[in-house]
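Below is one structure, written out as structure tokens; comments come after it.
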Amino acid sequence: MAAASRPLRSLSAGQLVPFGGDRVAEVSPELATAFVEGDRLVVVHETGDLLHIPRAEHERAADAVRDALDAFAALASCTDEQISTFFDLFAAALADDVAFTPVAAANAADVARAASRGRSTTRLELSDQMRAGMVDGLRVWRDAQGARDTVLSEHDHGTWAVETRRAPLGAVAFVFEGRPNVFADATGVLRTGNTVVFRIGSDALGTATAIMEHAVRPALRGAGLPEGAVRLVESEAHAAGWALFADARVGLAVARGSGRAVAQLGAVARQHGVPVSLHGTGGAWMIVDTDAQLDVVHDAVLHSLDRKVCNTLNVCCVVADGAAITMPVVLAAAADAAARRNARLVLHATASATALVPDAALIDEADLGTEWEWEDDPELSLVVVPSVDAAVDLFNRFSPRFAASLVGGDEPTWQRFYDTVDAPFVGNGFTRWVDGQFAFRQPELGLSNWQSGRLFARGGVLSGDSVFTVRTVATVRDHGLHR
């Protein structure tokens, strides 16, 4: 007989909390003191982390999800033209200098505060380029055809027929760090009839709040859409994100940010039965074969190191036969990338490459799995390999299995590379092409391919029109039909 449950009202220092079926975590004195009646405790089954969700944070997240679900029901009665109007008005507000003034002021305050705390501001600053990209992305969704009710397949049996139809999924939850452009991109789920709840990192909360007030809400009202269709959880606490991903009413959870935080959020969602797509680890790899054209090598490396994002070149493997010629070109291109930033090039090399890169810091092969999180100074790992096959083996063992590029190589070599490298994004030049808006004209929510994020396919771009479910409809023509 199952034991009767009762509310958790308090915790005691040293109290043991079972997890994972055969382990226990110990309550710290700090957690025991902070926890009060009405709060919630989430035990991460994968790690034993004890996550304290204060009552106020739980209620903020729960209210936002409730509003989004109410809006989801109402959105079914809205037209595709209304959704297009929302994106048009949202884009127009961001493009209008007067309307954008309070957003710019809020972002400047966020950047200043983050800088005073020693935080990175590279992705936080809402530059003219980022602003233009947000406007462009929103207009892509404005002009996209509605896809809320599309026939995917049909099976006609004569006296009756069955068809599968694409349908909205529900309320989509996003947790991401301080990148204002993601805030705009993720509203793309409205195109397919979904609603969205955001929790943004504390660094960018002021910017997000201003975007909501001066662009999103006016656009929703102007289009006649329910205001709960886009909801921001206005909290700086990580607990708000945990509460959001622990809400079983959420149709899909999407997390972007640093590796450990994203992994933790994913674990919370999974153990609460919420489908999750995670985007927390990056770092692209490039292999330079013996016959690679030197100008192509230079350009591929140069344009892969212009800034630090997930698709930035992180590891470069140079085939040994000819490395004395190709490695200096790689180094020169990396140095040029640093010079363009008025920065210093930081190099790491395995023992195989130190003779050609004597100024590099020595690393072990296992360190090739490290993603260098640089701010201004481009950082790169170098390794000399006996063959393309050997480089693929290193990639499959140590990389996040994300993006791989082969520069040079004949057609059989390329085909073998493609067949054996375990990467969803494969190319023959620079690595920074891996981006939904750049490659497919689809503002991306993330790249659904790694860190347990293979929810929608083997790999690919998670975009607004990727978020859907399937409904099945039967049309009976002969009502004497009997099975």
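Just remember that my numbering sits 7 ahead of the position in the sequence shown, which is counted from 1.
Cβ coordinates follow ideal geometry from the N, Cα and C atoms, glycine included.
Asked	Found
When you compare the CB of residue 111 with every CB in chain D, is at least one pair closer than 8 angstroms?	The question asks about chain D, but that chain is absent: this structure has only one protein chain.
Fully enclosed by the segment 337 to 390, which beta strand (DSSP E) runs are 3 residues long or longer?	353 to 356
The alpha helix (DSSP H) spanning residue 308 covers which residue range?	301 to 309
Can we say the segment 86 to 101 touches the segment 214 to 222, given the rule of at least three CB pairs closer than 8 angstroms?	yes
Answer yes or no: do residue 90 and residue 246 have a C-beta to C-beta separation smaller than 8 angstroms?	no
Assess, as a yes-or-no matter, whether the segment 79 to 94 is touched by the segment 139 to 150 under the definition of 3 or more beta carbon pairs within less than 8 angstroms.	yes
Does the beta-carbon of residue 449 have 16 or more other beta-carbons within 10 angstroms, so that it is buried, or is it exposed?	buried
In whole angstroms, what separates the C-alpha of residue 352 from that of residue 381?	10 angstroms
By alpha-carbon positions, which one of 131, 309 and 244 ends up nearest to residue 386?	309
Is there contact here, the segment 276 to 283 with the segment 408 to 420, by at least three beta-carbon pairs under 8 angstroms?	no
Assess, as a yes-or-no matter, whether the segment 125 to 135 is touched by the segment 62 to 79 under the definition of 3 or more beta carbon pairs within less than 8 angstroms.	no
Check residue 447 in the structure and name its three-state DSSP category.	helix
Rounded to the nearest angstrom, what separates residue 25 and residue 296 at their Cα positions?	52 angstroms
Cβ atoms of residue 292 and residue 473: under 8 angstroms apart, would you say?	no
Quick check: residue 378 and residue 288, are their CB atoms within less than 8 angstroms of each other?	yes
Contact between the segment 203 to 214 and the segment 23 to 39 is defined here as three or more beta-carbon pairs at a separation below 8 angstroms; is this criterion met?	no
Using only alpha-carbon positions, find the residue among 479, 370, 424 and 63 that is nearest to residue 241.	63
Where do the ends of the alpha helix (DSSP H) carrying residue 62 lie?	62 to 82
Compute the distance between the beta-carbons of residue 318 and residue 439, then report whether it is under 8 angstroms.	yes
In the DSSP assignment, what are the bridge partners of residue 481?	169
When DSSP labels each residue in this structure, what does residue 430 get in the three-state scheme?	coil
Consult DSSP for residue 126 and reduce its assignment to one of helix, strand or coil.	coil
Do the segment 469 to 483 and the segment 158 to 170 touch if we need at least three Cβ pairs shorter than 8 angstroms?	yes
If contact is defined by three or more beta carbon pairs under 8 angstroms, each pair taking one atom from either stretch, is the segment 417 to 435 in contact with the segment 155 to 164?	no
Between residue 214 and residue 145, which are expected to be in contact by the criterion C-beta below 8 angstroms, what is the C-beta distance as a whole number of angstroms?	Not confirmed; about 16 angstroms, so no contact.
Would the beta-carbon of residue 211 fall within 8 angstroms of that of residue 238?	no
How is residue 419 classed by DSSP in three states: helix, strand or coil?	helix
Spatial neighbours of residue 157 within its chain, please: C-beta separation below 7 angstroms, excluding the five flanking residues on both sides.	172 and 173
Ignoring anything shorter than 4 residues, give me the alpha helix (DSSP H) runs that lie fully in the segment 185 to 265, in order along the chain.	187 to 192, 212 to 218, 224 to 230 and 245 to 252
Three-state secondary structure (DSSP) at residue 107?	helix
Under 8 angstroms by Cβ, that's how I've got residue 436 and residue 470 pegged, so tell me the actual separation to the nearest angstrom.	Actually they are not in contact, since the Cβ atoms of residue 436 and residue 470 sit about 23 angstroms apart, beyond 8 angstroms.
From 400, 446, 453 and 409, pick the residue whose C-alpha is nearest to that of residue 427; which is it?	400
Can you confirm whether the segment 389 to 399 touches the segment 353 to 368 when touching is taken to mean that 3 or more C-beta pairs between the two stretches lie within less than 8 angstroms?	yes
Rounded to whole angstroms, what's the CA-CA distance from residue 112 to residue 232? Just pull it up for me.	28 angstroms
Tell me where the beta strand (DSSP E) around residue 407 begins and ends.	No beta strand (DSSP E) holds residue 407; DSSP gives it neither H nor E.
To which residues of the same chain is residue 383 closer than 7 angstroms at the C-beta, ignoring the five residues directly before and after it?	348 and 350
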